[in-house]
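Okay, structure first, notes after.
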Amino acid sequence: MIQMRFAKSAIEQEEGMNHLWLHIALPGGVQNTRLQLILPAGLHRSPNLNGAVEDSSGRIWIDDTQSVTDLYVEIFTREPVPCGENSLAVELSYTDRDGTGTSVKQVIPLKVVSEEESVEIHTDEEVVRRIKELRLPQDKSELNEYNEYTPAKLIRLDSNAMSEWEKKYRVEGAKIESI
């Protein structure tokens, strides 16, 4: 019902980032489908990369469950977390045609490693490819839709501060007259 794969085999303990691919296949006719990620202490996530609706508690609402649904979530650390084996839980709840509520919970292990151990991290190329495809615009018109610019560097001049050249070549008492 739920298949989960990480883009990397582990996450770095400090400033670590990983992506989770959730492949969900539900029987037809289900409704009120919700997915909740339960993260271990110290790990955080961004809103899902698909743009699916999320409520304030972080539950992801899945509208069309007639076909297979793929969800992508970015997981990261904000501050150093202890190294070791952790578990990330995914809880999927839905109501079937008969009105019966069903809840399925699956756990996937996630290893947290130090910077020295991070050289041993393996990458799942299929997950990486899917994340890249997800972030690419579908047509060329979307390329120019949003432009991101870095703000111009603000230079402030202090009239009381003098550069080394001004200090060296300044003539004290001289007045500058404008013509």
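Each number in our numbering comes from the position in the sequence shown (counting from 1) with 132 added on.
Using N, Cα and C, we set each Cβ at its ideal position, and we do this for glycine too.
Compare the C-beta of residue i against all C-beta atoms of chain B and say whether one is closer than 8 Å.
i    : result
T209 : Going by chain labels, chain B is absent from the structure shown, which holds only one protein chain.
When DSSP labels each residue in this structure, what does residue i get in the three-state scheme?
i    : result
I207 : strand
V185 : coil
S250 : helix
G216 : strand
R232 : Note that residue 232 corresponds to Thr in the displayed sequence, not to Arg. In the structure shown, T232 sits in coil (DSSP, three-state: anything other than H, G, I, E or B).
D202 : strand
Between which two residues does the alpha helix (DSSP H) holding residue i run?
i    : result
V259 : E257 to R267
E296 : E296 to Y301
Quick check: the Cα distance between residue i and residue j, rounded to an integer number of angstroms?
i    : j    : result
D202 : G233 : 22 Å
L275 : R267 : Any reading at L275 is ruled out, since the residue's pLDDT is 48, under 50, leaving its predicted position unreliable.
F138 : S188 : 25 Å
P241 : M136 : 10 Å
I263 : I207 : 13 Å
G174 : E298 : 53 Å
E265 : N182 : 11 Å
P179 : V205 : 7 Å
W153 : Q238 : 14 Å
S235 : E257 : 31 Å
H176 : P212 : 12 Å
S273 : M133 : Residue placement at S273 is flagged as unreliable, the pLDDT there being 48, under the threshold of 50; the coordinate-derived value follows with that caveat. Approximately 37 Å, taken between the alpha carbons.
C215 : D195 : 37 Å
P159 : A184 : 20 Å
Check your understanding: Counting pairs of beta carbons, one from the segment 241-252 and one from the segment 142-155, are three or more of them closer than 8 Å?
Key -> yes
Practice item. Specify whether the segment 160-171 and the segment 222-240 touch according to this definition: at least 3 beta carbon pairs, one from each stretch, less than 8 Å apart. Key: yes
Point to revise | Complete beta strand (DSSP E) runs within the segment 138-182 (minimum length 3 residues, chain order) | key: 142-144, 149-156, 163-170 and 175-177
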